[in-house]
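Quick note: the sequence shown uses this note's numbering, first residue 27, plus one each step.
In this text, a Cβ means the ideal position worked out from N, Cα and C, and glycines have one as well.
Structure, as structure tokens:
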Amino acid sequence: MSLKRGRKFLNTPGPTNVPERVLQAMHRQVMDLSDPEFLEVSKSCFLDMRKVIQTKGEIFLYASNGHGAWEAALSNVFEPGDKVLVPESGNFSNSWSTMARAMHLEVKTIPGDWRRALRPEAVEARLKEDTKGEIKGILLVHTDTATGITCDVPAVRAAIDAAGHPALLLVDTVAALGTCEYRMDDWGIDVTVSASQKGMMMPPGLGIVAASQKALDVTLKTKMPRHYWDWKTRMEAAHYRKFCGTAPQLMVFGMRESLNMLFEEGLETVFERHRVLAGATHAAVEVWGQAGALYLNASEPRERSVGVTTIRTGDGIDANDIRVVCRDEMMAGLGGGLGDFDGKAFRIAHMGDTNAPMLYGALGAVESTLGYLNIPYASGGVTAAVDHITQAKKTGAGPFTY
């Protein structure tokens, strides 16, 4: 029997659902590079991204994914031989380390626990050991998409300050921006890295970087080979130089509409919607897990991401089987386990353009799949999610946007 009709559900942590308004904004002809209409829209995107990132710093947009934005950040503030400190927080801190090594940076790591957020005191202790100030930067992942864990960025900034260390703080907020609070300037962040395909509700294709004045001053002195990524080139007077050539015009028009939607909803309302949907997902997993075969990877509730939930499977259960059945039979796309979690976890995203019924569909697909695969689970996970959202509406305020 096949039930494969209707729309597919997408609950991967990137790419995420793209709103029809964004798709329609992108469904148009390209235009001359210097057309006033495009220049006006483009300039407004650069300005309004500052509001999302909460910075007065410089914004850079690249025709790339988040990995491209990583490289842009590294190539502008470091040079070969520089030491960088990477607190391990999961698969993506490790991947950023790999890129740094490929660019001939010397990477120092602080081992971490993939079930807990990194410890700021460990960062402080490691920086205090660096009495010569050889560490030039800290590479910090705000939310690791693989583990579903969000770290306390202000606490890490406080640890750096307590150590009295001059290292730059670079933060990857690819999986967090647009889902939870992020205040670049208030939190003392020097470089922010993000991308379009998660909380920004766009297709993959735009890398986003923001640089503080301190970082801009550093880039004038560094000797890392670069041209496409170079901030100095992109800050030249001619606007087309901001893209180092032909601009990804349709992506920029999509970004304009995405920003419009975020501001119309209100960032605080957006964050609350993500908190409620995340809580509903956690409630569902906790019910399923009563049978002993599934559990939330993030062991500390306050450290759980509001954008993605990582669910671990017990011994002998291949998490990839759950994902394949959900995708190919139930028409619901989930994220797989990454790195050390390959085959040991699956992920349900609840970020970007998503609401309660869309989440119910994904959770229902998972619960049905567990039964189909004879994986032990306690029934009632979807009901727990419904109850969580219902209670949130009863006790909350504002429009019912989730």
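Within its own chain, the residues whose Cβ lies closer than 7 Å to the Cβ of Thr-339, once the five positions on either side in sequence are excluded, are Ala-319, Leu-320, Ala-345, Lys-370, Ala-371, listed in chain order. In the three-state reduction of the DSSP assignment, Val-313 falls in the helix class, which pools H, G and I.
When C-beta atoms of the stretch 301-311 are compared with those of the stretch 411-420, three or more pairs fall below 8 Å, so the two segments count as touching.
Rounded to whole angstroms, Cys-71 and Leu-396 show a C-alpha spacing of 44 Å. For Thr-416, there is no enclosing beta strand (DSSP E); the enclosing alpha helix (DSSP H) has its first and last residue at 407-421. Ile-161 is not a Cβ neighbour of Leu-195, given a cutoff of 8 Å.
At a Cβ-Cβ threshold of 8 Å, Met-210 and Ile-79 count as neighbours. Separation of Gly-92 and Lys-420 (C-alpha to C-alpha, rounded to the nearest whole angstrom) is 38 Å.
Annotation: Ala-375 to Lys-158 spans about 43 Å, alpha carbon to alpha carbon.
For the 8 Å CB-CB criterion, Leu-153 and Ala-189 form a contact. Counting along the chain, the unbroken alpha helix (DSSP H) around Thr-259 starts and ends at 257-260. Within the same chain, Cβ atoms closer than 8 Å to the Cβ of Thr-259 are found at His-253, Arg-267, Cys-270, the five residues on either side in sequence being excluded.
In the three-state reduction of the DSSP assignment, Leu-100 falls in the helix class. Annotation: the continuous alpha helix (DSSP H) that includes Thr-245 extends over 239-245. Rounded to whole angstroms, Leu-364 and Ile-175 show a C-alpha spacing of 14 Å. Burial is judged here by how many other beta carbons sit within 10 angstroms of a residue's own beta carbon; Glu-326 has fewer than 16 and is exposed. Asp-61 sits exposed, since fewer than 16 C-beta atoms from the chains shown fall within 10 Å of its C-beta. The C-beta separation of Phe-118 from Asp-198 comes to about 7 Å, placing the pair in contact by the 8 Å criterion. Between Phe-367 and Pro-180, the alpha-carbon positions lie close to 28 Å from each other.
Relative to Trp-122, the option among Leu-100, Arg-142, Arg-54, Val-351 whose CA is nearest is Leu-100.
Just so you know, the alpha carbons of Glu-97 and Asp-256 end up roughly 10 Å apart. Within the same chain, Cβ atoms closer than 8 Å to the Cβ of Asp-347 are found at Leu-399, the five residues on either side in sequence being excluded.
Secondary structure at Tyr-266: helix, using DSSP grouped into helix, strand and coil.
A distance below 6 Å between beta-carbons, with the five flanking residues on each side excluded, links Gly-204 to the following residues of its chain, in chain order: Gly-225, Met-226.
With respect to the C-alpha of Ala-237, the residue from Pro-106, Ile-85, Ser-405 having the closest C-alpha is Ile-85. DSSP places Thr-307 within a helical segment (H, G or I) once states are collapsed to three.
With a 10 Å radius around the Cβ and a threshold of 16 neighbouring Cβ atoms, Ala-411 comes out buried. Using a Cβ distance threshold of 8 Å, Ala-404 and Ala-317 count as a contacting pair. Closest in alpha carbon position to Phe-279, among Lys-247, Val-103, Glu-63, Ser-90, is Glu-63. Remark: C-beta atoms of Thr-42 and Leu-49 do not approach each other more closely than 8 Å. The alpha-carbon separation between Gly-292 and Ser-331 amounts to approximately 20 Å. Of the residues assessed, Gly-163 falls on the buried side of the cut-off, its CB having 16 or more other CB atoms within 10 angstroms. Here Val-56 is exposed. Its C-beta has fewer than 16 other C-beta atoms within 10 Å.
Leaving aside the five residues that flank Arg-353 on each side, the residues in its chain whose CB is nearer than 6 Å to its CB run, in chain order, Gly-359. By the neighbour-count definition (other C-beta atoms within 10 Å, threshold 16), Asp-108 is a buried residue.
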